[in-house]
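Asker:
Number of protein chains: 2
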Amino acid sequence: MTYSEENYLKAIYHLSLFQKKGVNTNAIAKMIDSKASSVTDMIKKLAEKNLVEYQKYQGVSLTAEGLLEAKMIVRKHRLWEVFLVEKLDFSWDEVHDVAEELEHINSEKLINKLDAFLGFPTEDPHGDPIPNAKGEIKKMDKKLLSELKLNQKSICVGVKDSSSNFLKYLDKQQIALGSTIEIIEKESFDASLIVLVNGNEMNISNKIASNLYVKTV
Amino acid sequence: MTYSEENYLKAIYHLSLFQKKGVNTNAIAKMIDSKASSVTDMIKKLAEKNLVEYQKYQGVSLTAEGLLEAKMIVRKHRLWEVFLVEKLDFSWDEVHDVAEELEHINSEKLINKLDAFLGFPTEDPHGDPIPNAKGEIKKMDKKLLSELKLNQKSICVGVKDSSSNFLKYLDKQQIALGSTIEIIEKESFDASLIVLVNGNEMNISNKIASNLYVKTV
DNA sequence: ATATATTTTTAGGCAAATCTAAAAATAAAT
DNA sequence: ATTTATTTTTAGATTTGCCTAAAAATATAT
């Protein structure tokens, strides 16, 4: 598979997590940062190879084979992210672009050895699940902080938005994966929250709370 | 720089270590496994970018800029090889192809962090020198085993041929980097040697001895 | 239900990297 | 020094992945 084919599969995979029907040509174009016509071309090629199911004008979906391929790319991406953070001291907002390149390195032995070296992690530095060698994904029951009940103790387990901007904000506020979080007051006017993060009281906007995943404890 | 451009630079670099004049079009074609006409095309492109010096029919050589680029690719290749062997338990005959892909990953931060993680190694698993971040290469005074004097104690510091075949042969004979080697007899008829490797007597053909680097002690 | 807007596809082209085959330059050999 | 052989370059095609612009299909709105 080419670099480009892999990127398309990955994009379709990510989009299909939110869209149960076929994934739109335009949505793919936006994610890949290309044009709808290019997407149509590539989709035809992927359909030829039996990696996607494609009906003209009806969007695409991954075949079983395509899904597995996509998961393997995601697996590689996230394992490399763990490597960068745990072993090479990258911060969680720096890993994405490099992992975007590393995910295309093609060696099963490499990725499985890396997996073992890292201790078979199940989540990446942003709390996203890492598919295992068979493509199985352990899903965690997490919820958005904005959906958490008052006075319910929880711990931070992931982010929805993993943009560098947001991650740096969290660093500044000393919010990290594993931080304990509890809502002690909800402001109905702007839906902002007063929370305890590791015991420290702070104010958090709704936008932040809508991008932080927590697990109740 | 594209993947392909990097491969050409690397090929020219390796060939120019043996050939002090301009490197031949045909030699490059053979190394890259392509055709002379393709090489001519690419060379023109690299000359445009000031990475090589090129005169029609006279071969190519690297400019200062091209040389540094080439060394950085070699640096990446060899650092990844160390990583694969030291951290992921690859054997020395398995690393080349994967490193061939990894060497194109483009992140200075990554490679310098990796370098530090590995403890700033100066040689790769085959005994080849690793350029440092400035492109400096610490050269070791090594010689071929075939050039070693009788009864001169030495240690194995590298291989000239790093084909999987040869490396597996060395594994089988329990010859590795760091093994002590001493010639105790030279057979003039076929130039084969009787040697002590870590104290064990064994017979070694001239071809083997001409592909093993040693350092006298 | 028809007109309007949006999305998707087709048609035709472009740039990069490669190739084959022929021509030009250089090297080797008698 | 010519001829012969080899190497290198040019010319013209091909493939991949992308593009723009126009046409076709689908969705939306009055």
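Those protein sequence lines, which keep their order, are chains A and B.
796 is the number of the first residue of the first sequence in our numbering; add one for each residue after it.
796 is the number of the first residue of the second sequence in our numbering; add one for each residue after it.
Don't be surprised by glycine CBs; every beta carbon is placed ideally from N, CA and C.
Restricting to Cα atoms, I'd like to know which of Ser974(B), Thr1011(B), Ala1004(B) and Leu804(B) is closest to Val838(B).
Answerer: As a working mapping, residue 838(B) is identified with position 43 in the second sequence. According to the sequence displayed, residue 838(B) carries Ile and not Val. Of Ser974(B), Thr1011(B), Ala1004(B) and Leu804(B), the residue nearest in Cα terms is Leu804(B).
Asker: Helix, strand or coil for Glu918(A) per DSSP?
Answerer: The residue given as residue 918(A) occupies position 123 in the first sequence. Correct three-state label for Glu918(A): strand.
Asker: Mind listing the chain B neighbours of Phe912(A)? Cutoff is C-beta to C-beta under 8 Å, in chain order.
Answerer: Position 117 of the first sequence, counted from the start, is the residue given in the question as residue 912(A). Chain B residues near Phe912(A): Lys882 and Leu883.
Asker: Quick check on DSSP: helix, strand or coil for Ile999(A)?
Answerer: If you number the first sequence from 1, residue 999(A) lands on position 204. Of the three classes helix, strand and coil, the one that applies to Ile999(A) here is strand, per DSSP.
Asker: Give the list of continuous beta strand (DSSP E) stretches no shorter than 3 residues that lie fully inside the segment 912–973 of chain A.
Answerer: 949–954
Asker: Ser902(A) versus chain B: which residues are under 8 Å apart at the beta carbon?
Answerer: Position 107 of the first sequence holds residue 902(A). Under the 8 Å cutoff, chain B gives Asp892, Val893 and Glu896.
Asker: Leu988(A) to Asp966(A), Cα distance in whole Å?
Answerer: As a working mapping, residue 988(A) is identified with position 193 in the first sequence. As a working mapping, residue 966(A) is identified with position 171 in the first sequence. Approximately 18 Å between the Cα atoms of the pair.
Asker: Would you decide whether Tyr798(B) is buried or exposed? Buried here means 16 or more other CB atoms lie within 10 Å of its CB.
Answerer: The sequence position of residue 798(B) within the second sequence is 3, counting from 1. So Tyr798(B) ends up on the exposed side.
Asker: Am I right that Glu881(B) and Leu913(B) are in contact with their C-beta atoms under 8 Å? What's the rounded C-beta distance?
Answerer: To locate residue 881(B), count along the second sequence from 1; it is residue 86. To locate residue 913(B), count along the second sequence from 1; it is residue 118. The pair is a contact, with the Cβ atoms about 7 Å apart (cut-off 8 Å).
Asker: Look up Thr1011(B) in the DSSP assignment and say whether it is helix, strand or coil.
Answerer: The residue given as residue 1011(B) occupies position 216 in the second sequence. In the structure shown, Thr1011(B) sits in a strand (DSSP, three-state: E or B).
Asker: Buried or exposed for Val877(A), please, with buried defined as at least 16 other CB atoms from any protein chain shown within 10 angstroms of its CB.
Answerer: The residue given as residue 877(A) occupies position 82 in the first sequence. Buried, by the Cβ-count rule.
Asker: Taking 8 Å as the limit between beta carbons, can you name the residues of its chain near Gln969(A), skipping five residues before and five after?
Answerer: What you label residue 969(A) is simply residue 174 of the first sequence in a count that begins at 1. These residues qualify, in order along the chain: Val992, Asn993 and Asn995.
Asker: Using alpha carbons as the reference points, say which of Ser811(B), Asn946(B), Val952(B) and Lys944(B) lies closest to Gln921(B).
Answerer: Start at 1 with the first residue of the second sequence, and residue 921(B) comes out as number 126. The amino acid at residue 921(B) is misidentified as Gln; the sequence shows His. Per the Cα distances, Val952(B).
Asker: Ignoring anything shorter than 4 residues, give me the alpha helix (DSSP H) runs that lie fully in the segment 832–902 of chain B, in order along the chain.
Answerer: List check, alpha helix (DSSP H) in window: 859–881 and 890–897.
Asker: Please list, in chain order, all residues of the same chain as Gln947(B) whose beta carbon is under 8 Å from its beta carbon, the five residues on each side excluded.
Answerer: Start at 1 with the first residue of the second sequence, and residue 947(B) comes out as number 152. Within the same chain, Gln947(B) has close Cβ partners Glu977, Ile978 and Thr1011.
Asker: Sorted by chain position, which residues of the same chain lie with C-beta nearer than 6 Å to Val834(A)'s C-beta, five sequence neighbours on each side aside?
Answerer: Counted from its first residue, the first sequence places residue 834(A) at position 39. Once the five neighbours on either side are set aside, the close Cβ partners of Val834(A) are Thr820, Ile823 and Ala824.
Asker: Please report the residue range of the beta strand (DSSP E) in which Lys981(A) lies.
Answerer: Position 186 of the first sequence, counted from the first residue, corresponds to residue 981(A). Looking at the DSSP string, the run of the beta strand (DSSP E) that includes Lys981(A) is Thr975 to Lys981.
Asker: Note the first and the last residue of the continuous alpha helix (DSSP H) segment covering Leu988(B).
Answerer: As a working mapping, residue 988(B) is identified with position 193 in the second sequence. For Leu988(B), there is no enclosing alpha helix (DSSP H); the enclosing beta strand (DSSP E) has its first and last residue at Ser987 to Val992.
Asker: So if I threshold CB-CB distances at 7 Å, which residues from the segment 939–962 of chain A count as touching chain B?
Answerer: none
Asker: Let me make sure I understand the geometry here. Which of Leu841(A), Ala831(A), Lys830(A) and His872(A) has the alpha-carbon closest to that of Ala859(A)?
Answerer: Your numbering for residue 859(A) matches position 64 in the first sequence. Residue Leu841(A) is the option with its Cα nearest to Ala859(A).
Asker: Find the residues of chain A that neighbour Lys908(B), judging by a C-beta separation of less than 9 Å, and give them in chain order.
Answerer: By one-based count along the second sequence, residue 908(B) stands at place 113. In chain order: Leu879, Lys882, Leu883, Asp884 and Phe885.
Asker: Can you find the residues in the same chain that come closer than 6 Å, C-beta to C-beta, to Met935(B), ignoring five residues on each side of it along the sequence?
Answerer: The count along the second sequence starts at 1 and reaches residue 935(B) at position 140. Cβ-Cβ distances below 6 Å link Met935(B) to nothing in the same chain once the five nearest sequence neighbours on each side are left out.
Asker: Report back the beta-carbon spacing between Trp887(A) and Leu962(A) to the nearest angstrom; my notes put them in contact at under 8 Å.
Answerer: One-based indexing of the first sequence puts residue 887(A) at position 92. One-based indexing of the first sequence puts residue 962(A) at position 167. Yes, Trp887(A) and Leu962(A) are in contact; Cβ-Cβ is about 5 Å, under 8 Å.
Asker: If we cut at 8 Å on Cβ distances, does Leu905(B) have a partner in chain A?
Answerer: Along the second sequence, read from residue 1 onward, the residue named residue 905(B) stands at position 110. Answer yes: the Cβ-Cβ gap between Leu905(B) and chain A drops below 8 Å somewhere.
Asker: Output the boundary residues of the alpha helix (DSSP H) element that contains Asn802(A).
Answerer: If you number the first sequence from 1, residue 802(A) lands on position 7. Asn802(A) -> alpha helix (DSSP H) spans Tyr798 to Ser811.
Asker: What span of residues does the alpha helix (DSSP H) with Asn821(A) cover, start to end?
Answerer: Translated into the one-based positions of the first sequence, residue 821(A) becomes position 26. Start and end: Thr820 to Ile827.
Asker: Alpha carbon to alpha carbon, how far is Glu848(B) from Ser811(B)?
Answerer: The sequence position of residue 848(B) within the second sequence is 53, counting from 1. The sequence position of residue 811(B) within the second sequence is 16, counting from 1. Approximately 13 Å between the Cα atoms of the pair.
Asker: Ser949(B): buried (16+ other C-beta within 10 angstroms of its C-beta) or exposed?
Answerer: The count along the second sequence starts at 1 and reaches residue 949(B) at position 154. Counting Cβ neighbours within 10 Å, Ser949(B) comes out buried, since at least 16 surround it.
Asker: Excluding the 5 residues preceding and the 5 following Ala865(A) in the sequence, name in chain order all residues of the same chain whose CB lies nearer than 8 Å to its CB.
Answerer: On the first sequence, residue 865(A) is found 70 positions in, with the first residue counted as 1. So the qualifying residues of the chain are Leu804, Lys805, Ile807, Tyr808 and Leu857.
Asker: To the nearest angstrom, how far is it from the Cα of Gln850(B) to the Cα of Lys816(B)?
Answerer: In the second sequence, counting from the first residue as 1, residue 850(B) sits at position 55. In the second sequence, counting from the first residue as 1, residue 816(B) sits at position 21. Their Cα atoms are separated by approximately 12 Å.
Asker: What's the gap between the Cα of Val980(A) and the Cα of Glu942(A)?
Answerer: Within the first sequence, the letter at position 185 stands for residue 980(A). Within the first sequence, the letter at position 147 stands for residue 942(A). Reading off the sequence shown, one finds Glu at residue 980(A), where the question assumed Val. For Glu980(A) and Glu942(A), the distance between alpha carbons rounds to 13 Å.
Asker: Going by the beta-carbon positions, is the gap between Val893(B) and Leu879(B) smaller than 8 Å?
Answerer: Start at 1 with the first residue of the second sequence, and residue 893(B) comes out as number 98. Start at 1 with the first residue of the second sequence, and residue 879(B) comes out as number 84. A contact, by the Cβ cut-off of 8 Å.
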